[in-house]
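Asks: Just so you know, the protein sequences line up as chains G and R, in that order.
Residues in the first sequence are numbered consecutively from 223, following my numbering.
Residues in the second sequence are numbered consecutively from 453, following my numbering.
Backbone N, C-alpha and C fix where the C-beta goes; we use that ideal spot for every residue, glycine too.
Nothing here was measured: the structure is a model prediction, and the numbers come from that model.
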Amino acid sequence: MYKVILARLRQGHRTMKYPAGAPPAMPDRFRGLPKIKPGPCPDGCRACVEACPTGSVTSSACQVRIDLGQCLFCTSCTNICPQQAITYTNDYRLAVRCRQNLTVTSDQGALVLADALDKKSQSLFGRSLKLRQVSAGGCNACEADVNVLSTIGWDMGRFGIQFVASPRHADGLLITGPVTQNMKLALEKTYVAMADPKLVIVVGACAISGGPYIDHAQVNNGVGTIMPVDLFIPGCPPHPLTILDGLLRLLGRIG
Amino acid sequence: MIRTPLNLAPIKSCHTVLLEAIPVLAMDDFMQTILDSVTASLRVVSLFGVASPPLETTTLYVVLADDEQNQLFVGRTEVKGDRFPSLTPRCPQVHLFEREIAEQFGLIPLGHPWLKPLRYHHAWTARDAWGRDQKQTVLPAVGDFYRVEGEQTHEVAVGPVHAGVIEPGHFRFQCHGEQVFHLEIALGFQHRGIEQAMLGGPTKRSLPYAETLAGDTTIAHAASYCQIIEALGNCRKTARAEALSSIALELERLANHVGDLGALAGDVGFLPAASFCGRIRGEFLNMTALLCGNRFGRGLLQPGGVAFDMDEERVAILLHQLAVAERDTTVAVELLWDTQSVMARFVGTGPLPRQMAVDLGIVGPAARASGLTRDVRCDQPSGIFRLAQIPVSTYDSGDVFGRAFVRWLEIQRSLAFIREQLQSIPTGEPLTRLDALSPSCLAISLNEGWRGEVCHVALTDEQSRFSRYKIVDPSFHNWLGLAYAMRNQGISDFPLCNKSFNLSYCGHDL
Chain G
223 MYKVILARLR QGHRTMKYPA GAPPAMPDRF RGLPKIKPGP CPDGCRACVE ACPTGSVTSS
283 ACQVRIDLGQ CLFCTSCTNI CPQQAITYTN DYRLAVRCRQ NLTVTSDQGA LVLADALDKK
343 SQSLFGRSLK LRQVSAGGCN ACEADVNVLS TIGWDMGRFG IQFVASPRHA DGLLITGPVT
403 QNMKLALEKT YVAMADPKLV IVVGACAISG GPYIDHAQVN NGVGTIMPVD LFIPGCPPHP
463 LTILDGLLRL LGRIG
Chain R
453 MIRTPLNLAP IKSCHTVLLE AIPVLAMDDF MQTILDSVTA SLRVVSLFGV ASPPLETTTL
513 YVVLADDEQN QLFVGRTEVK GDRFPSLTPR CPQVHLFERE IAEQFGLIPL GHPWLKPLRY
573 HHAWTARDAW GRDQKQTVLP AVGDFYRVEG EQTHEVAVGP VHAGVIEPGH FRFQCHGEQV
633 FHLEIALGFQ HRGIEQAMLG GPTKRSLPYA ETLAGDTTIA HAASYCQIIE ALGNCRKTAR
693 AEALSSIALE LERLANHVGD LGALAGDVGF LPAASFCGRI RGEFLNMTAL LCGNRFGRGL
753 LQPGGVAFDM DEERVAILLH QLAVAERDTT VAVELLWDTQ SVMARFVGTG PLPRQMAVDL
813 GIVGPAARAS GLTRDVRCDQ PSGIFRLAQI PVSTYDSGDV FGRAFVRWLE IQRSLAFIRE
873 QLQSIPTGEP LTRLDALSPS CLAISLNEGW RGEVCHVALT DEQSRFSRYK IVDPSFHNWL
933 GLAYAMRNQG ISDFPLCNKS FNLSYCGHDL
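Written out as structure tokens, the structure reads:
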């Protein structure tokens, strides 16, 4: 017992001040919101489009677009562009309410980040949001960084957000993975088992679009093909801060 | 008995062999060679089918490891028609491999004691081992389960959706009161079809596939994929690239082992260690993010080396962070061994006897906790591990305590290894150019991921495209070990036993 108390003292208080204080610093090589330099590409250059493993980069009339819903935040496009027109910024805020808002172009300013739920939903969920997590074909990296939010450093419980063991106890689903054919039925049943009103939050490129497995016969291209989605959190996997930022925006706790 | 299977082609990890140099054995010889080798303490690393254009012929390949001689062997045989004799009754470690061959190629391993689908998908060929219609939807975990009948026995079914934030799988327990007689595990819910999608590659998606085979094992799987391409592309990475890649591999081990010890503490209700370790795991993930910007190491490794170089400032930060994390981890983990309520739950729970670990072909910390000195970094070393050896950590109890304690030993050794590497990073380019890939070859790569042996095997055709890409995640070897360890245990100890193995669902389901 004495040792436990001593260890407790040595480990100290670890919960971050965020969102009241500054967010934890991102590593300098962190790949957050991509930025596209305005200006025309060299004639006929489609290097970034061809290099992208998931087809998230498209170009038309010299306008490059990146769909963050498919983006793996890898370095294929940034490394290949002869003009270094695509770079990653350190901006971790990526969560949106509409699928279309995940498109990044050169002339757009910031992303239209997720806005809060309506007043009624906020009064229901704003101080107590119980989520049922379903992994539907994910690689377990999104799941791992979702789990991190329950550790003492992040302590998501202080916002009333908690993972529960049954859909019957849940206000919403937090889904990861492209929804494999083999998980489709289980996911649908879990959704139906929740009482209304309910929320659906999708985390990671897979759950938004199929991610690296887009168009595989064994998967559905993300949760949106199966049920309505209230919050999209892109990344492969998203940083825990990106996930928390999205959840807090949805609940109207920040933003 | 001859120890070395002389009728097979020898090969080392991260090397290639021409397909024509791999002997084609008669079926009987092939089977007998596997049996003799396993009797002589070799083990089956991989056993897989390759479809030939005519449906009538399927080639079976086997990779055997002689860990004492640091040597791998590969051989093959041809199956004409739709069946081959099952080895499983005499060699349990091929049990899942044979079910996989049955499911992928529609071949029936005659005499297999438990021939059920493994991942619940359609066959890659027009044949189906269970005679199902190609148009019929294949539903996961549907079919008969092993059943214990009796007035006082009952069945407990769990999953695919579990209570925690965890991947899907279905567990069927046959119980007598609280006591588990038998556990059958049905997986396949995470099946994304990656092996099939690798055919015809490499493509721009191949590396992301490798990185997401099992997200918590990003580095070990990406390293295996890169080594395959490097072997086929005749590329010798610089010592610098080897060192940086090994640092990332050991950081991955540290994050997961520390996380597992915390989760084990959580499962027995010892919250101090659970909270501390949960946080410290994140510190190790952040160290990987310092290397490449991503906490799981996505984008760090590329065929030819590493995409992100190291600098002195980063080395200094890492050394400092390692020292802090080591101190915190030691305090947190030693609490476990000093707390009787924890030890009472760990010791004796979920035993996997040494001989059973040998028979089932268990790998990784689970094997080492049952007293086996099995570790790819020592037995089949490649890269930096040929020069800088990490002593193998073993324990002999085979129970939850053994699996926890081996993790703690490995944490200490990985910390020492990373520190040593950071202090003497060789100079050189981080990335080396590759030649065109070799046609008509077999390439193999083994890495000791944190769960155990990660094995990738690639076969190339005349145009140097993948005609087969076989992946074995350590979980594939170990799931049956978990099922065995649950025998005669209390069903309430399942979460604890499960966590002590902490196997990957998607790594199994691919």
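Kindly indicate which residue of Arg268/G, Thr237/G, Ala336/G has the alpha-carbon position closest to the one of Pro304/G.
Replies: Arg268/G
Asks: Is there at least one Cβ from chain C nearer than 8 Å to Asp467/G's Cβ?
Replies: Note that chain C does not occur in the displayed structure, where the protein chains are G and R.
Asks: Could you say which of Cys466/R, Thr485/R, Ile943/R, His606/R lies nearest to Cys687/R if we only look at CA atoms?
Replies: Cys466/R
Asks: When you compare each of Phe623/R, Gly611/R, Pro612/R, Arg584/R to Tyr598/R by their alpha carbons, which one comes out closest?
Replies: Phe623/R
Asks: On the CB-based measure, 16 or more other CB atoms within 10 Å of its CB, does Ile227/G come out buried or exposed?
Replies: Exposed, by the Cβ-count rule.
Asks: DSSP state of Met938/R, grouped into three classes?
Replies: coil
Asks: Relative to the alpha-carbon of Ile455/G, which residue among Cys428/G, Arg287/G, Gly477/G, Arg475/G has its alpha-carbon at the smallest distance?
Replies: Cys428/G
Asks: Taking only the alpha-carbon atoms, compute the straight-line gap between Ser697/R and Phe760/R and give it to the nearest angstrom.
Replies: Roughly 10 Å separates the two Cα atoms.
Asks: With distances taken from CA atoms, which of Thr782/R, Ala910/R, Gln873/R, Asn950/R is nearest Arg230/G?
Replies: Thr782/R
Asks: Going by other Cβ atoms of all chains shown within 10 Å of its Cβ, with 16 needed for buried, is Met453/R buried or exposed?
Replies: With a pLDDT of 47 at Met453/R, under the threshold of 50, the modelled position of that residue is not reliable, and the figure given next carries that caveat. So Met453/R ends up on the exposed side.
Asks: Could you check how far apart the C-beta atoms of Leu316/G and Thr412/G are, in whole angstroms? I think they sit under 8 Å.
Replies: The Cβ separation is near 26 Å, so there is no contact.
Asks: Could you run through the region 367-384 of chain G and flag, in chain order, every residue whose CB is less than 9 Å away from some CB of chain R?
Replies: Answer in chain order: Asp367, Val368, Asn369, Val370, Ser372, Thr373, Ile374, Gly375, Trp376.
Asks: To the nearest whole angstrom, what separates the beta carbons of Leu948/R and Val858/R, a pair I think is in contact under 8 Å?
Replies: About 16 Å separates the beta carbons of Leu948/R and Val858/R, which is beyond the 8 Å limit, so they are not a contact pair.
Asks: Just to check my reading of the structure: Thr309/G and Thr300/G have Cβ atoms closer than 8 Å, yes? What is that Cβ distance to the nearest angstrom?
Replies: 6 Å
Asks: If distances are taken between C-alpha atoms only, which option among Arg885/R, Ala937/R, Leu774/R, Ala784/R comes closest to Gly850/R?
Replies: Taking only the C-alpha atoms, the option nearest Gly850/R is Ala937/R.
Asks: For the region 359-434 of chain G, which segments carrying the alpha helix (DSSP H) assignment without a break, of at least 4 residues, lie completely within its bounds, in sequence order?
Replies: 363-369, 403-415, 427-431
Asks: Please name the residue in Tyr957/R, Glu530/R, Thr879/R, Gly942/R whose C-alpha comes closest to that of Phe625/R.
Replies: Gly942/R
Asks: Check for me: the beta strand (DSSP E) holding Ile637/R runs from which residue to which?
Replies: Ile637/R -> beta strand (DSSP E) spans 631-638.
Asks: Determine the DSSP secondary structure at Asp289/G, reduced to helix, strand or coil.
Replies: Strand, per DSSP.
Asks: Name the chain G residues whose beta carbon is nearer than 9 Å to that of Phe965/R?
Replies: Nothing about residue 965/R can be read from this structure; chain R reaches only from 453 to 962.
Asks: Note down, in chain order, all residues in the region 429-460 of chain G with a beta-carbon under 8 Å from any beta-carbon belonging to chain R.
Replies: If the cut-off is 8 Å between Cβ atoms, the region 429-460 of chain G has Gly433, Pro434, Tyr435, His438, Ala439, Gln440, Val441, Cys458, Pro459 near chain R.
Asks: Identify the contact partners of Val326/G in chain R, using a Cβ-Cβ distance below 9 Å as the criterion.
Replies: What Val326/G touches in chain R: nothing, since even the nearest Cβ is about 18 Å away.
Asks: Between the region 675-687 of chain R and the region 576-596 of chain R, are three or more C-beta pairs nearer than 8 Å?
Replies: Counting C-beta pairs with one atom in each stretch, the region 675-687 of chain R and the region 576-596 of chain R have fewer than three that are closer than 8 Å, which means they do not touch.
Asks: In the DSSP assignment, find the alpha helix (DSSP H) that holds Gln344/G and state where it starts and stops.
Replies: 341-347
Asks: Cβ of Arg349/G less than 8 Å from any chain R Cβ?
Replies: no
Asks: Measure from the alpha carbon of Val514/R to the alpha carbon of each residue in His960/R, Ala662/R, Leu911/R, then state which is nearest.
Replies: Leu911/R
Asks: When the cut-off is 8 Å and only beta carbons count, does Lys568/R lie next to chain G?
Replies: no
Asks: For His709/R, name the three-state secondary structure that DSSP assigns.
Replies: helix
Asks: In whole angstroms, what is the alpha-carbon distance linking Thr237/G and Thr491/R?
Replies: 54 Å
Asks: Report the rounded CA-to-CA distance for Val496/R versus Gln545/R, giving the unit in angstroms.
Replies: Per the coordinates, the alpha-carbon of Val496/R lies some 7 Å from the alpha-carbon of Gln545/R.
Asks: Using alpha carbons as the reference points, say which of Glu905/R, Asn899/R, Asp831/R, Pro891/R lies closest to Glu472/R.
Replies: Pro891/R
Asks: Is the CB-CB distance between Gln523/R and Pro462/R below 8 Å?
Replies: yes
Asks: Identify, in the order they occur along the chain, each residue of the same chain with its Cβ nearer than 7 Å to the Cβ of Gly652/R, setting aside the five sequence neighbours on each side.
Replies: Arg917, Phe918
Asks: From which residue to which residue does the alpha helix (DSSP H) around Thr973/R run?
Replies: Residue 973/R lies beyond the stretch modelled for chain R, which goes from 453 to 962, so this question has no answer here.
Asks: So, helix, strand or coil for Met453/R, using DSSP?
Replies: Note that Met453/R scores a pLDDT of 47, beneath 50, so its modelled location is shaky and nothing firm can be said.
Asks: Along chain G, in chain order, which residues have C-beta atoms closer than 7 Å to that of Thr884/R?
Replies: Going along chain G, no residue has its Cβ under 7 Å from Thr884/R, so there is no contact; the nearest lies around 16 Å.
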